[in-house]
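Residues -16 to -1, 1 to 119 (mature numbering (1 follows the signal peptide of the UniProt record, and there is no 0)) make up the sequence shown, in order.
A virtual CB, placed ideally from N, CA and C, is assigned to each residue, including glycine.
Read the structure below first, then the notes.
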Amino acid sequence: MKSFLLVAFVVGVVTAASLPASEKKFINQVHANCQSNPKTFVDESLLKNLPANKDNAQVGVHMLCMSKGAGFQGPNGDINKETIKSKIALVIRDGSKVNELTNKCAVKTGSLEKTSINIFLCLNSNQVPYTPDLN
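Take a look at the structure:
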């Protein structure tokens, strides 16, 4: 019985920490669109270690493209808290935790590029893996 509960718990944690397939497909398409534009293209090796490359200008340009494409920021760079909240809710089921993370992650932090990077970093550091598949 203890083994069953442990397995159920582990499966629940793994399931809770992944995006639905349709959303994963969406974020991969957003990434592909940003990569297809020479102005927003970035070497994917820089994205694989985003925290270490958060000050790279081209990473910022790419992440702003990603943020706008995902709907996290509007065309003028304004933060769209409702979209961020809806993406968090795809992974986190506890409504109070969704609100807490929305308020924590949907924050303007300097430039539009810095804001976009920090949104993605915040989501990922809080068990919301909103990232594309990188080669």
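Over the uninterrupted alpha helix (DSSP H) stretch that includes residue i, give me the two end residues.
i	result
Q19	A5 to S20
S29	E28 to K32
S51	A41 to A54
K88	G79 to C89
Our contact map puts residue i next to residue j with C-beta atoms below 8 Å; I'd like the distance itself, whole angstroms only.
i	j	result
Q111	V75	7 Å
N108	T99	Incorrect: roughly 15 Å between the Cβ atoms, too far for contact.
F56	I68	5 Å
V14	A54	6 Å
DSSP state of residue i, grouped into three classes?
i	result
I103	helix
I76	coil
Pick out whichever of the options has its Cα sitting closest to the Cα of residue i.
i	options	result
F104	D78, N33, P59 and N119	N33
residue 144	K52, D78, L118 and S70	Residue coverage of the chain in this structure runs from -16 to 119, which leaves residue 144 outside it and unanswerable.
T86	Q42, G94, N64 and P113	N64
Can you name, in chain order, every residue of its own chain whose Cβ lies under 6 Å from the Cβ of residue i, other than the five neighbours on each side?
i	result
S49	For the record, residue 49 in the displayed sequence is Cys; it is not Ser. Result list for C49: C18 and T24, in chain order.
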